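Structure first, then comments.
2 protein chains.
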Amino acid sequence: MTADSRRPATMADVARMAGVSVPTVSRVLSGAARVSPLKRERVEAAISALSFRPSAAARILASRQPMAIAVVAGDTSKYGYAETIRGIESAARAEGYTVMITVVESPEDEEVDRALRLVLTQAIAGVVVLKFDPPGVAALRRMPPDMPVVALSGVRSIGVRQAVLDEASAAEELTNHLLDLGHATVHHVPVPPSRREDGRTTGWRRALRAAGARVPPLEAATWSPHTARDIGRRLAENPDVSAVFCGNDEIAMGVIRGLADRGLVTPDDVSVVGFDDHPLAALWSPAITTVKQDFLRLGERGFALLMGAVNGTSTRRFSSDRPRVVIRSSTAPPPARRATPRPPA
Amino acid sequence: MTADSRRPATMADVARMAGVSVPTVSRVLSGAARVSPLKRERVEAAISALSFRPSAAARILASRQPMAIAVVAGDTSKYGYAETIRGIESAARAEGYTVMITVVESPEDEEVDRALRLVLTQAIAGVVVLKFDPPGVAALRRMPPDMPVVALSGVRSIGVRQAVLDEASAAEELTNHLLDLGHATVHHVPVPPSRREDGRTTGWRRALRAAGARVPPLEAATWSPHTARDIGRRLAENPDVSAVFCGNDEIAMGVIRGLADRGLVTPDDVSVVGFDDHPLAALWSPAITTVKQDFLRLGERGFALLMGAVNGTSTRRFSSDRPRVVIRSSTAPPPARRATPRPPA
DNA sequence: ACGCGCGCTGATAGCGTTTTCAAGAGTGCT
DNA sequence: AGCACTCTTGAAAACGCTATCAGCGCGCGT
């Protein structure tokens, strides 16, 4: 009577116990076809008596529709990445899909292939690639053509289904904000670019060009706010620097701290802006002027696009969103005369 | 000759093209048994000619071993969560496993069951539960007994296989640091507790009791650093407050900012400590004294424990790690006389 | 020369579902 | 009373792989 064997119960066990056929059990499970109330009840009783759980593998094999998607990303815990994944997951969960995550650590072929083999060897309906960095770009390129794919990114590219946050225009607007305040030019500390050049960098350059301002050389890029601190210190030595556009808020925090290390205060001596609207950006002192990127929705839009492709519901291949500038306290007009930096301790 | 049909190629197609039997194809794929070089080569040629990818569903169904695990968590993008998941994923990937993520948004039965149904309906070898918060605790409780499970958490509990970070002792040590500096007592702003009381709170209380210090009432808990800022402002009004132990670094940042809003400087007027060693903690001004929690390794240890259970390799049920205190610049002896708070603007 | 063992190979039988498909039981209508 | 339907149900056939087992060819020891 009870589930005695050590093997997990199968549909056949349930059917036997309920005195019905296997397909009937399947029907009450899927709810697709009508089953008489009596049998339905008996089947449900048997299911819980045996604590039966259907085998996902068998289900997928027979129905040919995996209820999972994969996310491929170069990182999972950095703010933008984590938030995007959260958006994907929540949209997926609402539709009954589960999300598998695989990180690709470097853009080298060998590493990319190893990670992709893992992903493609799973039962998935499609994949969302976070094309924020070189590993993401590489992964996208090596994706088999028959797999439904959506890329999430900051710049539009051709040939792929994708959801983007239009970073370039937002960056342009942000740079113009600085220019409008009276700064002669704006220095730039980019995040490591995904391609030759980031959307943020492109927008920055575009704004400077349009304003006829000098385009200063880029600072070396890293994701780490600690390197950004070093860059901030270095920037302090350069009297031409009155405004700095940082690739993201964490870098802005590092730069602000580095400037402070040399006695320069933001925004009195140097204005600094970030990007993303990190949850701590508003809390920093000074509160950081930035661009709010809705990563959560980016993830949701990406999932929606993927679903459209997977079940032929929609043929949309592109979804864009324009992030908006958030002005806070880290920007001000340039000082009449900038304080001289304090020498290194 | 070429893959003409729209159906993806199966092993039978490969076998036919290579002029071998299906099991032989399986053998070259798995590498389990020896195959003559000639046939192996022909099979490999056919595989790439047809761009054949094995069906995960069929493979799992036949072999009964899913190469995926699930992670159940109340959140995925908060620092500790994200980092732990990253640790799990990287350990899993090294062993050829993929990680599925499902978040449980609230501890209510209905929500928990809905999420768990999603998880348990997938083909997984086991699950790792992030038992950091009420949703995690609830999920763990409703997990079916026949599923291999590991809980990750900050306090030891009984009956479950688990990897922990011993928060209580670290919290005790951190509180003692404050007491040793000469503070009469230490106020506490907890994170929302996973149970009746958090390990951090327990350690704090233990230290105060042991030192015979007064145990001040707790402040209301939230994950948001912005509420923490309000709490900081409120704390500024209370002249008894000279040291504050915050449930995590983000809350510490909020509190420091709130105190600053009222003209109190850290650590001159009030010492503040956090917990976790958030990547921005060292960059904050002042740099925050905290406890370094190795979430990455927590995730790795959790995965290792799960693997032990899944393939009977090991019978270990417990793995603990002692986080260590990191002293920075947000703590100092109490002031002779604390500055009077500036009134609300 | 004979038998034994080893290495490689293919038939065959599942794995646990979903999917036809056809049959049986009612129901309503003429 | 007979017929055409609709609604439920079960039998049987996939789904694409792995596991098991027996067979075959070959080299070696006696």
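Sequence order for the protein chains is H and R. For what it's worth, our numbering labels the leading residue of the first sequence as 1, then goes sequentially. For what it's worth, our numbering labels the leading residue of the second sequence as 1001, then goes sequentially. Note that beta-carbon positions come from the ideal geometry of N, C-alpha and C, so glycine has one too. Every value quoted in this text rests on a predicted model; they were computed, and no experiment measured them.
Could you tell me whether the segment 1103-1115 of chain R touches the segment 86-93 of chain H, using the rule of 3 or more Cβ pairs below 8 Å?
These segments touch.
Contact check, H:Trp284 vs H:Lys78, beta carbons under 8 Å:
As a working note, residue 284 of chain H is residue 284 in the first sequence. As a working note, residue 78 of chain H is residue 78 in the first sequence. No. Outside cutoff.
Burial state of H:Val99 (16 or more Cβ within 10 Å):
Your numbering for residue 99 of chain H matches position 99 in the first sequence. Buried: at least 16 other Cβ atoms inside 10 Å.
Reference H:Gly232; option with closest CA among H:Pro216, H:Asp113, H:Ile251, H:Gly74
The count along the first sequence starts at 1 and reaches residue 232 of chain H at position 232. When H:Pro216, H:Asp113, H:Ile251, H:Gly74 are compared, the shortest CA-CA separation from H:Gly232 is found for H:Ile251.
If you drop the 5 nearest sequence neighbours on each side, which residues of the same chain put their C-beta closer than 6 Å to that of H:Asp261?
As a working mapping, residue 261 of chain H is identified with position 261 in the first sequence. The beta carbon of H:Asp261 is closer than 6 Å to those of Arg233 in its chain, skipping five residues each way along the sequence.
Could you work out which residues of chain H lie near R:Gly1254, taking near to mean beta carbons separated by less than 7 Å?
Taking the first residue of the second sequence as 1, we reach residue 1254 of chain R at position 254. Listed by position along chain H, the residues whose Cβ is nearer than 7 Å to that of R:Gly1254 are Leu283.
In this structure, does DSSP put R:Lys1374 in helix, strand or coil?
Residue 1374 of chain R cannot be examined here, being either before or after the span of chain R that is shown, 1001 to 1345.
Along chain H, in chain order, which residues have C-beta atoms closer than 8 Å to that of R:Ser1055?
If you number the second sequence from 1, residue 1055 of chain R lands on position 55. By Cβ distance, chain H contributes Leu61, Ala123.
Could you list which residues in chain R have their beta carbon closer than 8 Å to that of H:Arg229, in chain order?
Along the first sequence, one-based indexing puts residue 229 of chain H at 229. By Cβ distance, chain R contributes Leu1283.
Figure out for me which residue from H:Arg229, H:Val189, H:Pro225, H:Arg342 has the closest Cα to the Cα of H:Glu219.
Along the first sequence, read from residue 1 onward, the residue named residue 219 of chain H stands at position 219. Comparing Cα positions, the closest option is H:Val189.
Inter-residue spacing [alpha-carbon to alpha-carbon] between H:Val326 and R:Thr1315
Reading the first sequence from its first residue, position 326 is the one you call residue 326 of chain H. Reading the second sequence from its first residue, position 315 is the one you call residue 1315 of chain R. As the crow flies, the alpha-carbon of H:Val326 is around 54 Å from that of R:Thr1315.
Name the chain R residues that come within less than 9 Å of H:Pro144, Cβ to Cβ?
Residue 144 of chain H sits at position 144 when you count from the first residue of the first sequence. Listed along the chain, the chain R residues whose CB falls inside 9 Å of the CB of H:Pro144 are Ser1051, Arg1053.
Just to confirm the assignment, what range does the beta strand (DSSP E) spanning R:His1187 have?
Translated into positions along the second sequence, residue 1187 of chain R becomes position 187. Element bounds for R:His1187: 1187-1189.
Tell me, to the nearest whole angstrom, how far the beta carbon of H:Ala151 is from that of H:Ser319; I am working on the premise that it is less than 8 Å.
The count along the first sequence starts at 1 and reaches residue 151 of chain H at position 151. The count along the first sequence starts at 1 and reaches residue 319 of chain H at position 319. With a beta-carbon spacing of about 11 Å, H:Ala151 and H:Ser319 fall beyond the 8 Å limit used to define contacts.
Report back the beta-carbon spacing between R:Val1191 and R:Ala1221 to the nearest angstrom; my notes put them in contact at under 8 Å.
The sequence position of residue 1191 of chain R within the second sequence is 191, counting from 1. The sequence position of residue 1221 of chain R within the second sequence is 221, counting from 1. Between R:Val1191 and R:Ala1221, the beta carbon gap of about 6 Å places them in contact (Cβ cut-off 8 Å).
Closer than 7 Å: H:Lys131 CB and nearest the ligand HEM heavy atom:
What this structure holds is no ligand at all, so the ligand HEM is not there to describe.
From H:Asp133, H:Leu208, H:Asp180, pick the residue whose C-alpha is nearest to that of H:Arg353; which is it?
The displayed coordinates of chain H run from 1 to 345. Any statement about residue 353 of chain H would go beyond what the structure contains.
R:Val1270 versus R:Val1186 - alpha carbon distance
As a working note, residue 1270 of chain R is residue 270 in the second sequence. As a working note, residue 1186 of chain R is residue 186 in the second sequence. Within the model, the alpha-carbon separation for R:Val1270 versus R:Val1186 is close to 10 Å.
Entirely within the segment 1120-1153 of chain R and at least 4 residues each: give me those alpha helix (DSSP H) ranges in chain order.
1134-1141, all fully within the segment 1120-1153 of chain R.
Along the beta strand (DSSP E) that carries R:Val1164, what are the first and last residues, could you check?
Looking up residue 1164 of chain R in the second sequence gives position 164. Looking at the DSSP string, the run of the beta strand (DSSP E) that includes R:Val1164 is 1162-1165.
What's the C-alpha gap between R:Pro1216 and R:Ala1282?
On the second sequence, residue 1216 of chain R is found 216 positions in, with the first residue counted as 1. On the second sequence, residue 1282 of chain R is found 282 positions in, with the first residue counted as 1. Rounded to the nearest angstrom, the two C-alpha atoms are 28 Å apart.
Whole-angstrom C-beta distance between H:Gly126 and H:Ala304, which should lie under 8 Å:
Position 304 of the first sequence, counted from the start, is the residue given in the question as residue 304 of chain H. Position 126 of the first sequence, counted from the start, is the residue given in the question as residue 126 of chain H. No, H:Ala304 and H:Gly126 are not in contact; Cβ-Cβ is about 12 Å, not under 8 Å.
Report yes if the C-beta distance between R:Ala1012 and R:Arg1042 is below 8 Å; otherwise report no.
Within the second sequence, the letter at position 12 stands for residue 1012 of chain R. Within the second sequence, the letter at position 42 stands for residue 1042 of chain R. Taking 8 Å as the Cβ cut-off, R:Ala1012 and R:Arg1042 do not qualify as a contacting pair.
Any C-beta of chain R under 8 Å from that of H:Met17:
Stepping through the first sequence from its first residue, residue 17 of chain H is reached at position 17. When Cβ-Cβ separations below 8 Å define contact, H:Met17 makes no contact with chain R.
Alpha-carbon to alpha-carbon, R:Gly1074 and R:Ala1082
Reading the second sequence from its first residue, position 82 is the one you call residue 1082 of chain R. Reading the second sequence from its first residue, position 74 is the one you call residue 1074 of chain R. When rounded, the distance between both Cα atoms is 11 Å.
Taking the straight line between their C-alpha atoms, what separation do you get for R:Glu1167 and R:Lys1131?
Translated into the one-based positions of the second sequence, residue 1167 of chain R becomes position 167. Translated into the one-based positions of the second sequence, residue 1131 of chain R becomes position 131. If you take the alpha carbons of R:Glu1167 and R:Lys1131, they lie about 13 Å apart.
Where do the N-terminal and C-terminal ends of the alpha helix (DSSP H) with H:Thr24 fall, by residue?
On the first sequence, position 24 is the one that residue 24 of chain H refers to. It spans 22-30 - the alpha helix (DSSP H) in which H:Thr24 sits, taken as one unbroken run.
Could you work out which residue in R:Met1147, R:Thr1084, R:Asp1113, R:Gly1212 is closest to R:Thr1153 when comparing CA atoms only?
Position 153 of the second sequence, counting from 1, holds the residue named residue 1153 of chain R. The residue you asked about is not Thr; residue 1153 of chain R is Ser in the sequence shown. That would be R:Thr1084, whose Cα lies nearest to the Cα of R:Ser1153.
Just checking: is the beta-carbon of H:Ile69 within a distance shorter than 8 Å of some beta-carbon in chain R?
Taking the first sequence and counting its residues from 1, the one referred to as residue 69 of chain H is at position 69. No, because no Cβ of chain R sits closer than 8 Å to the Cβ of H:Ile69.
Closer than 8 Å, CB to CB, is R:Leu1298 near chain H or not?
Taking the first residue of the second sequence as 1, we reach residue 1298 of chain R at position 298. No, its Cβ sits nowhere closer than 8 Å to a Cβ of chain H.
What are the complete beta strand (DSSP E) segments, minimum 3 residues, inside the segment 71-112 of chain H?
Qualifying beta strand (DSSP E) stretches, in chain order: 98-103.
In this structure, does DSSP put H:Ser48 in helix, strand or coil?
Residue 48 of chain H sits at position 48 when you count from the first residue of the first sequence. The answer is helix: DSSP assigns H:Ser48 an H, G or I state.
Spell out whether any CB of chain R is found under 8 Å from the CB atom of H:Met307.
The residue labelled residue 307 of chain H in the question sits at position 307 within the first sequence. Under the Cβ criterion of 8 Å, H:Met307 is not counted among the residues facing chain R.
With 8 Å set as the bound, which would you pick, yes or no: does the beta-carbon of R:Ala1058 sit closer than that to a beta-carbon of chain H?
For the purposes of this step, residue 1058 of chain R is taken as residue 58 along the second sequence, with counting starting at 1. Answer yes: the Cβ-Cβ gap between R:Ala1058 and chain H drops below 8 Å somewhere.
Could you please give the first and the last residue of the uninterrupted alpha helix (DSSP H) stretch that includes H:Ser63?
Numbered from its first residue, the first sequence carries residue 63 of chain H at position 63. Unbroken alpha helix (DSSP H) run through H:Ser63: 56-63.
Tell me, please, whether the CB atom of H:Ala260 is closer than 8 Å to any CB atom in chain R?
Reading the first sequence from its first residue, position 260 is the one you call residue 260 of chain H. At least one CB atom of chain R sits nearer than 8 Å to the CB of H:Ala260.
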